[in-house]
Amino acid sequence: MDLKELHSILTIGENVAVEFKRCGNGIESDTYETVCSFLNRFGGDLFMGVSDDGTVLGVPEKAASDMVKNFISAISNPTLFSPTIYLAPEILKDEEGHTILHVHVPPSAEVHSYKKVVYDRVEDADVKITATGAIAQMYIRKQNIFTEKKIYPYARMEDLRLDLLPKIRIMAQNHAGGRHPWTEMDDLELLKSAGLYGRDLVTGEEGLNLAAIMLLGKDDVILDVAPAYVTDALVRKVNVDRYDDREVIKTNLIESYDRLFEFGRKHLPDKFFLEDTVNKSLRNTIVREMVSNTLMHREFSSSYTAKFVIEKERMYVENANRAVKAGYITVDNLEPNPKNPIIAAFFRNIGYADQLGSGVRNLFKYGKFYSGKEPKFVEGDVFRILVPLDEGYSFDFGSTDEKNGISDTNCDTNDPIRDTIDLKTKLLVCIEQDAKGTQKEYAAKLKVSVPTVKRLFAKLQKEKILIREGTNRKGQWKIMKEK
């Protein structure tokens, strides 16, 4: 690691993949807890000799080599780490000659424990995991197979809603422009063609898989294989503590799609919008992408209740997820990753979804036309799509609040949906109100995480809008007004 990269990491601060440890008196237990949590999550970089705020203090230069040996000895000790690992710390020097130990921890295919305790990484914290459900979710995340492929050898054709197949054939034919192979297949051939009937090459079991049952299963059969499967659709515009309208959906994915889509159409305005010369329904486009995403990409083995919630200023979907990373997804960093490729392919064949990744792009494109603000995609063990709502906004005429000269510059806010520009503005207002505040205090006022505030500070300093006067402990922030 070069000094430029090191300086960038120190400026941004701790997050889900970066941890600073002072290690002034040697390597302590919490350092190994971080190693364990990195292994169990997405990996990360550990820096010893750095305080929590990113200030480089260094470790004793003469003790550095012994610290490396002790570290390697600890992580390879089966009485401490299970399973054991091998990592090689790197000795770095900053511009001022301080000695730093850097350890890159890759994500592991195993679930690790330190002193018989499992740790997971949540934002910038190492969290003890004791609940069996949470540990099971960790194993699911690390599996090399898709749970949708699990074979149920005793499931029979009569356990499926075969009455849906004629409708599905017509949908596939229409979506394909008039011809589709499924129209000429019998029911079993169609299921095999769609990957819903197969053979497990490891166990030799043959039959219908989980994808088939979730897509087409009868309600009682779905309840048997996925007892916690449910999608809770709610409207909270007036009664925000409870709900104004609710629909609990436990049926197959095909009919769940139809019911969720109609729920969204019922409670959302369909604003006028012309794309070129064609009148396009922004509401239908947005609801389609949100509903299809939460149905076809969820982890069905989890007990987490999926939700579709419509509020006054936002709507969102959330579902259990087999995460491959954590954080926000944007068009720029989008790396499409199929969570249930069989179900996703089935949805694409009948026109319920498009190519992988197109849903994110469509929501970023049309979400801004619908409310004037961009949506947010949050990847984690729970996947969330948040779309802002503004009934007074029209793409042709802008926002009612904008016309009346109303703007939101309140530092302390409960609004969970903001774009980066809004957050930067609110942070600057906080600093104007209290230039000596800490990043933790600003995070509490903005109702965001400390790593988020650290990233905002790094951006504002890089743009030369914000500078630090004095020391880290006794100084204060200064806003460059001309910027």
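Each step along the sequence shown adds one to the number in the numbering used here, with nothing skipped, and position 475 is 476. Ideal Cβ positions, reconstructed from N, Cα and C, are used throughout, including at glycine. Quick caveat, the model's predicted, so the values are computed rather than measured.
In terms of Cα proximity to Arg323, the closest of Val383, Ile344 and Val310 is Val383.
Judged by pairs of C-beta atoms under 8 Å, the region 88–104 touches the region 35–52, as three or more such pairs exist.
Under DSSP, Ala126 forms a beta bridge with Val123. Exposed is the label assigned to Gly471, since fewer than 16 other Cβ atoms lie within 10 Å of its Cβ.
If the five residues before and after Asp46 are omitted, its C-beta is found closer than 6 Å to the C-beta atoms of Val19 and His105, all from its own chain and listed in chain order. Of all alpha-carbon atoms in Phe347, Phe458 and Asp188, the one lying nearest the alpha-carbon of Glu15 is that of Phe458. Under the three-state reduction of DSSP output, Ala324 falls in the coil class, being neither helix nor strand. Using a C-beta cut-off of 8 Å, the region 295–304 makes contact with the region 254–263, since at least three inter-stretch Cβ pairs fall below that distance. Annotated three-state conformation of His103 is strand, per DSSP. A straight-line Cα-Cα distance of about 47 Å links Ser114 and Tyr371. Annotated three-state conformation of Phe147 is coil, per DSSP.
The alpha helix (DSSP H) runs of length 4 or more contained entirely in the region 265–329 are, from start to end of the chain, 283–297.
Judged by DSSP secondary structure, Asp67 falls outside any beta strand (DSSP E) and instead within the alpha helix (DSSP H) spanning Ala65 to Ile76.
Counting only the Cα atoms, Pro376 lies some 11 Å from Tyr329. If you keep only unbroken alpha helix (DSSP H) runs of at least 4 residues inside the region 325–401, you get 342–350 and 359–372.
Rounded to whole angstroms, Ile432 and Ser74 show a C-alpha spacing of 46 Å. Val239 sits exposed, since fewer than 16 C-beta atoms from the chains shown fall within 10 Å of its C-beta. The beta strand (DSSP E) runs of length 3 or more contained entirely in the region 168–254 are, from start to end of the chain, 198–200, 207–210, 232–237 and 246–250. For Ile28, there is no enclosing beta strand (DSSP E), as DSSP marks it with neither H nor E.
Runs of the alpha helix (DSSP H) lying entirely within the region 419–461, each at least 4 residues long, are 421–434 and 440–447 in chain order.
The C-alpha of Asn363 lies about 54 Å from the C-alpha of Pro61.
Bridge pairing for Gln477: Glu470 [DSSP]. Residue pairing by DSSP places Met49 opposite Lys22 and Leu102 in a beta bridge.
Taking C-beta separations shorter than 6 Å and ignoring five residues to either side along the sequence, the partners of Thr306 in its chain run Val231 and Asp233, following chain order. In terms of CA proximity to Val226, Ile152 leads the group Phe348, Ile152, Leu261 and Pro167. Counting the other Cβ atoms within 10 Å of the Cβ of Thr32 gives 16 or more, which makes it buried. In this model, Gly373 and Ala195 are separated by some 39 Å (Cα to Cα). For Glu6, there is no enclosing beta strand (DSSP E); the residue is part of the alpha helix (DSSP H) that begins and ends at Leu4 to Ile13.
For a cut-off of 8 Å, the C-beta gap from Ala213 to Leu192 is around 6 Å, short enough to register as a contact. According to the DSSP assignment, Glu111 belongs to no beta strand (DSSP E), since it is labelled neither H nor E. With respect to the C-alpha of Leu7, the residue from Phe82, Ala65 and His99 having the closest C-alpha is His99. In this structure, the CA atom of Asn320 is about 21 Å from the CA atom of Val449. With a 10 Å radius around the Cβ and a threshold of 16 neighbouring Cβ atoms, Arg180 comes out exposed. In the DSSP assignment, Phe82 is bridged to Tyr115. Judged by their CB atoms, Lys117 and Asp160 are not nearer to each other than the 8 Å cut-off.
Rounded to whole angstroms, the Cβ separation of Leu275 and Val288 is 19 Å, and the two are not in contact under 8 Å.
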